[in-house]
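Enquirer: Could you have a look at this structure, given as structure tokens, before my questions?
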Amino acid sequence: MKKKINNNPFTWNYSPAVETKEHIQINPQYNLFINGKFVKPNSNTFFDTYNPATEEKLAELSLANEKDVNAAVLAANNAYSKTWKKMPAKERAKYIFRIARVIQERARELAIIETMDGGKPIRESRDFDIPLAANHFFYYAGWADKLNYAFPNKTPQSLGVAAQIIPWNFPLLMAAWKIAPALATGNTVVLKPSENTSLTALKLAEIIRDCDLPAGVVNIITGPGSTGSFMVNHPNIHKIAFTGSTHIGKNIQHSIAGTNKKLTLELGGKAANIVFEDAPINQAVEGIINGIFFNQGHVCCAGSRLFVQENIAEEIINKLKARMETLIVGNPLDKNTDVGAINNKEQLSKIKSYLKMGKEDGITLYQTLGELPKKGYFCKPSLFINATQSSRVVQDEIFGPVLTIQTFRTIEEVIEKANNIPYGLSAGVWTDKGSKIFNLTKQLKAGVVWANTYNKFDPSSPFGGFKESGFGREGGLHGLMPYLKF
Amino acid sequence: MPDFKHNYPIDQIGVEERIQRFNSRSIKKETKLIGLKLALSMIDLTTLEGKDTPEKVKQVCYKALHPSNDIQGLPQLAAVCVYPIHVKTAKKYLKNSAVKVASVATGFPSGNTSLQIKLIETKYAIDQGADEIDMVISRGEFLRGNYTFVFDEIAAIKNVCGKIRLKVILETGELSTLDNIRKASDIAIYAGADFIKTSTGKIQPASTMPVTLVMLEAIKDYYIKTNIQIGMKPAGGISNAKNALQYLVMLNETLGSKWMTNEWFRFGASSLANDLLLQLGKEKYNGVYYSKDYISLD
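Those protein sequence lines, which keep their order, are chains A and B.
For the first sequence, counting from 1, position 396 maps to 396 in the working numbering; every step adds exactly one.
Add 1000 to a position in the second sequence, counting from 1, and you land on the number used in the working numbering.
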């Protein structure tokens, strides 16, 4: 029985629903936040920060040189020995709670700035980045006066000054991941956000100042890699926490060899997202989409290598393509945008070079059909179909909206392929069968394994990697340990 | 045809997350206006009560033809949905219009009667002039695992319907899991349903977005396989315009524009029309609500 097919010409496109930014205050120029005050940089040098969606200049940021770093570390050391270390833990917790509440109060403002500065969709900064950042402060505020219960009979003690260097993919959230546990455990902080995305960290500095945190407990300085290296090599730093590329992580390890500095590294990843034939297919497709296109793929734990069981590969790929067409790529401030702008120009050209490389390796590239905005750094959601294990698009972390697809037949095969990579940060497993999930969680070399979901975060759940994805854990009770000595 | 003994697994949490994504779409201005009118045109205005009178049916028919006296340029509704004994009355008032008469049948709402009687009832409704038949499946047999029984029953009813469009009500509120809802959808589609419909409106919960999404995905998978379009009708529980727009977003992003017409998508509802009229009035009067007293209650 053949039924009538109608070709309804009507398309229901969503009118723009752009978040207003008139009430957002971004200063033309920002100073360094040292010892509770915004101070001019000793270097007297400033650099520009841009909106990647419009290529417009947003503000000038201070470049912190060695003297500025010295001043920040000195302030942090003084604050540590004179106030923060001596303060009863219960009192420390109150300050951290206060920061969490002010972040919540100013959530809308922070979300808009995060989106303007980093290019991520407002939906994500509004529903993910900012609420989760506040939650991290709430969570660690709770731990501050319970450290003796967290580690019974071990008398946990703070370390001193923590130098914290964070990347551009989740600017405020990463600041929260770093600052909250450091403060809760009684350490003081010198934090450097990425030079591409410093604005929300500077807003956080304002919040911290307005919360009357004792001067010098948190210092936030801006600058490029050189600033970070002054921080790492400073003799009065006791702890380094770095999130970023594996290459720089290795450099840090070299430079602190032979010192007493404690180190945690949260580096790159190239996660395997594994879909079995008995998976809930339509939800798996959704999970694959979220796994790779969330935050334009600028996620260290992004599910960038898809492994599909051979007999469902065609169905999955067709559904992925169809679903990708419904993703709205464009103005990140539009509430309906699903995929925003690539964070910065260098990253866009890096992604493009990988797209070229994959094609040269003879891998089929599929990209969405829709047009990209004329201005700004944008990249179409992309698939590499029938990717080969040895290709660099499979082996390297692209850090963009590019998914490689491989098929497998047996569990042994997929485990071998999934683990055959220098990284080990995260993985995803999709199957209706519980025993299969537990079999894989045991054998996959990954810090996090998500089952029938992807990219789920909670302050109470530890996060961190194996192998070249780094060491040390952030979040949860485990996230306290790197900031304590026993 | 799938093996109905095997489940097509559905992950409930994944479905709920997808729904949240649909609901976070911002529907404003022109999009909203188009959506509200479209939703209005998709309504099967329903009156299914023991106390229904010919006057009530007449009023419902009039409403379907003239949704509002105040707002111009509104579409007519898709259909009125009544019990078989009221089909003749409804048909009398809708004779020369595009508004369809849908009749529930097959021992609505429980379906607990013999196949013979179901067939007779269906035939009766058609003879009275029904354009569409809304049947219920035998949930008891389905939950016993007697899928062949359910399948054969739908096929038999469709056989009586011939070219008359058949909507198959799964009564999802009684099927308990999303896996079951997917299975029942597949059975109905493969047995010959032209439309699949969530609920009778007599059982709570009636239509929900997760349930509707699972059914839309069943329709999509069937369309991918066969290139045959099946319609969808969520019924009961959709009483306000905002929720209707969320359903349309879900439809738009799951099945696409081919389904964005009342030929392939319906809302089974009685009070939704009035809220849509209220919101459409708000759009007309520059963001100010007009009094509900101007909208007829049916």
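Glycine residues also receive a C-beta, built at the ideal position from the N, C-alpha and C atoms.
Is it buried or exposed for A:ARG409, if we count other Cβ within 10 angstroms and need 16 for buried?
Expert: Residue 409 of chain A sits at position 409 when you count from the first residue of the first sequence. By the neighbour-count rule (16 or more Cβ atoms within 10 Å), A:ARG409 is not buried but exposed.
Enquirer: Assuming A:ASN295 and B:ARG1025 form a contact by the criterion Cβ under 8 Å, report the distance between their Cβ atoms to the nearest whole angstrom.
Expert: As a first step, residue 295 of chain A must be located in the first sequence, where it is residue number 295. As a first step, residue 1025 of chain B must be located in the second sequence, where it is residue number 25. The pair is not a contact, with the Cβ atoms about 19 Å apart (cut-off 8 Å).
Enquirer: Which bits of chain A does B:SER1041 rub up against, with CB to CB less than 7 Å?
Expert: One-based indexing of the second sequence puts residue 1041 of chain B at position 41. Per Cβ cutoff of 7 Å: no residues; B:SER1041 is ~11 Å from chain A at best.
Enquirer: Note down the Cα distance separating A:SER304 from A:VAL329, rounded to an integer number of angstroms.
Expert: Residue mapping note: residue 304 of chain A aligns to position 304 of the first sequence, counting from 1. Residue mapping note: residue 329 of chain A aligns to position 329 of the first sequence, counting from 1. Rounded to the nearest angstrom, the two C-alpha atoms are 19 Å apart.
Enquirer: State yes or no: is the C-beta of A:GLU114 within less than 9 Å of the C-beta of A:THR49?
Expert: On the first sequence, residue 114 of chain A is found 114 positions in, with the first residue counted as 1. On the first sequence, residue 49 of chain A is found 49 positions in, with the first residue counted as 1. Contact check for A:GLU114 against A:THR49 fails: the beta carbons are separated by 9 Å or more.
Enquirer: So is A:ASN318 buried or exposed if we call it buried at 16+ other beta carbons inside 10 Å?
Expert: What you label residue 318 of chain A is simply residue 318 of the first sequence in a count that begins at 1. Counting of Cβ neighbours within 10 angstroms places A:ASN318 among the exposed residues, the total staying below 16.
Enquirer: Any C-beta of chain A within less than 7 Å: which residues of the stretch 1064-1088 of chain B qualify?
Expert: none
Enquirer: Does any residue of chain B bring its CB to less than 9 Å from the CB of A:PHE399?
Expert: Against the first sequence, residue 399 of chain A aligns to sequence position 399. Chain B contact via Cβ: absent.
Enquirer: For B:PHE1267 and B:ILE1230, which I take to be in contact (beta-carbon distance under 8 Å), what is that distance rounded to the nearest angstrom?
Expert: Within the second sequence, numbered from 1, the residue matching residue 1267 of chain B stands at position 267. Within the second sequence, numbered from 1, the residue matching residue 1230 of chain B stands at position 230. Actually they are not in contact, since the Cβ atoms of B:PHE1267 and B:ILE1230 sit about 17 Å apart, beyond 8 Å.
Enquirer: Give me whichever residues DSSP pairs with A:THR404 in a beta bridge.
Expert: Position 404 of the first sequence, counting from 1, holds the residue named residue 404 of chain A. Residue pairing for A:THR404: DSSP places it in a beta bridge opposite A:ARG305 and A:PHE384.
Enquirer: Would you call the stretch 469-480 of chain A and the stretch 176-188 of chain A in contact, with 3 or more CB pairs under 8 Å?
Expert: yes
Enquirer: Identify each residue in the stretch 264-295 of chain A for which the Cβ-Cβ distance to at least one residue of chain B is less than 9 Å, and report them in chain order.
Expert: Flagged, chain order: ASP278, ALA279, PRO280, ILE281, ASN282, GLN283, ALA284, GLU286, GLY287 and ASN290.
Enquirer: Relative to the alpha-carbon of A:GLY228, which residue among A:LYS445, A:ALA162, A:ASN44 and A:VAL285 has its alpha-carbon at the smallest distance?
Expert: If you number the first sequence from 1, residue 228 of chain A lands on position 228. Measuring from the Cα of A:GLY228, the nearest candidate turns out to be A:ALA162.
Enquirer: Tell me where the alpha helix (DSSP H) around A:TYR95 begins and ends.
Expert: In the first sequence, residue 95 of chain A corresponds to position 95, counting from 1. Start and end: 89-105.
Enquirer: Going by the beta-carbon positions, is the gap between A:ALA241 and A:GLN164 smaller than 9 Å?
Expert: As a working note, residue 241 of chain A is residue 241 in the first sequence. As a working note, residue 164 of chain A is residue 164 in the first sequence. A:GLN164 is positioned such that its CB atom lies closer than 9 Å to that of A:ALA241.
Enquirer: Determine the extent of the beta strand (DSSP E) in which A:ARG473 is found, giving its start and end residues.
Expert: Position 473 of the first sequence, counted from the start, is the residue given in the question as residue 473 of chain A. Note, A:ARG473: premise wrong, no beta strand (DSSP E); not H, not E.
Enquirer: Shorter than 9 Å from the beta carbon of A:ASP127 to some beta carbon of chain B?
Expert: Position 127 of the first sequence, counted from the first residue, corresponds to residue 127 of chain A. Yes, A:ASP127 counts as interfacial toward chain B.
Enquirer: Under 9 Å between the Cβ atoms of B:ALA1078 and B:VAL1099?
Expert: In the second sequence, the residue the question calls residue 1078 of chain B occupies position 78. In the second sequence, the residue the question calls residue 1099 of chain B occupies position 99. A contact, by the Cβ cut-off of 9 Å.
Enquirer: Which ranges would you report for the beta strand (DSSP E) in the stretch 249-305 of chain A if only whole runs of at least 3 residues count?
Expert: 262-266 and 272-275
Enquirer: Going by the CB atoms, is the gap between A:PHE170 and A:ASP117 shorter than 9 Å?
Expert: The count along the first sequence starts at 1 and reaches residue 117 of chain A at position 117. The count along the first sequence starts at 1 and reaches residue 170 of chain A at position 170. Not a contact, by the Cβ cut-off of 9 Å.
Enquirer: Assign B:MET1135 to one of three DSSP states: helix, strand, or coil.
Expert: Residue 1135 of chain B sits at position 135 when you count from the first residue of the second sequence. B:MET1135: strand per DSSP, three-state reduction.
Enquirer: Mind checking who A:LEU191 pairs with in its DSSP beta bridge?
Expert: Here residue 191 of chain A is taken as the residue at index 191 of the first sequence, counted from 1. Beta-bridge pairing links A:LEU191 to A:GLN164 and A:ILE220.
Enquirer: With distance defined between alpha-carbon atoms, name the residue in A:PRO131, A:ILE112 and A:LYS436 nearest to A:HIS23.
Expert: Locating residue 23 of chain A in the first sequence gives position 23, counting from the first residue. Residue A:ILE112 is the option with its Cα nearest to A:HIS23.
Enquirer: Please state the DSSP three-state secondary structure of B:ARG1165.
Expert: Against the second sequence, residue 1165 of chain B aligns to sequence position 165. Strand at B:ARG1165.
Enquirer: Which chain B residues are close to A:ALA17, counting only those with a beta carbon under 9 Å from its beta carbon?
Expert: By 1-based counting over the first sequence, the position of residue 17 of chain A is 17. Those within 9 Å of A:ALA17 in chain B are ARG1025, SER1026, ILE1027, LYS1028, LYS1029 and THR1031.
Enquirer: Counting only Cβ-Cβ distances shorter than 9 Å, please list the residues of the stretch 329-349 of chain A near chain B, keeping chain order.
Expert: ASP334, LYS335, ASN336 and ASP338
Enquirer: Residues in the stretch 423-456 of chain A with C-beta within 8 Å of chain B's C-beta atoms, listed in sequence order?
Expert: ASP432, ASN452 and THR453
Enquirer: Under 7 Å Cβ to Cβ from A:THR246, same chain only, skipping five residues before and after it: list those, please.
Expert: Residue 246 of chain A sits at position 246 when you count from the first residue of the first sequence. These residues qualify, in order along the chain: LEU267, GLY268 and GLU468.
Enquirer: Can B:LEU1251 and B:LEU1216 be called in contact, C-beta distance under 9 Å?
Expert: Sequence index remark: in the second sequence, residue 1251 of chain B carries index 251 (1-based). Sequence index remark: in the second sequence, residue 1216 of chain B carries index 216 (1-based). Yes, these two residues count as a Cβ contact at 9 Å.
Enquirer: With a threshold of 9 Å between beta-carbons, can B:ASP1011 be considered close to chain A, or not?
Expert: As a first step, residue 1011 of chain B is located in the second sequence; it is residue number 11 there, counting from the start. It does: the Cβ of B:ASP1011 has a partner Cβ on chain A nearer than 9 Å.
Enquirer: Using only the alpha-carbon positions, how far apart do A:LEU265 and A:GLY447 sit?
Expert: Your numbering for residue 265 of chain A matches position 265 in the first sequence. Your numbering for residue 447 of chain A matches position 447 in the first sequence. Their backbone Cα atoms lie some 13 Å apart in a straight line.
Enquirer: Going by C-alpha to C-alpha distance, which of B:MET1135, B:LYS1028 and B:ASP1275 sits closest to B:ILE946?
Expert: This structure does not reach residue 946 of chain B, given that chain B is present from 1001 up to 1298, and the question cannot be answered.
Enquirer: Going by the beta-carbon positions, is the gap between B:LYS1163 and B:LYS1197 smaller than 9 Å?
Expert: Translated into the one-based positions of the second sequence, residue 1163 of chain B becomes position 163. Translated into the one-based positions of the second sequence, residue 1197 of chain B becomes position 197. For B:LYS1163 and B:LYS1197, no; Cβs fall outside 9 Å.
Enquirer: Any Cβ of chain B within less than 9 Å of the Cβ of A:ARG108?
Expert: Taking the first residue of the first sequence as 1, we reach residue 108 of chain A at position 108. No, A:ARG108 does not count as interfacial toward chain B.
Enquirer: Would you mind telling me which residues of chain A sit closer than 9 Å to B:MET1260, beta carbon to beta carbon, in chain order?
Expert: Position 260 of the second sequence, counted from the first residue, corresponds to residue 1260 of chain B. Neighbours of B:MET1260 on chain A, chain order: ASN8, PHE10, THR11 and TRP12.
Enquirer: Taking buried to mean at least 16 other C-beta atoms within 10 Å of its own C-beta, is A:PRO235 buried or exposed?
Expert: To locate residue 235 of chain A, count along the first sequence from 1; it is residue 235. Burial call: exposed.
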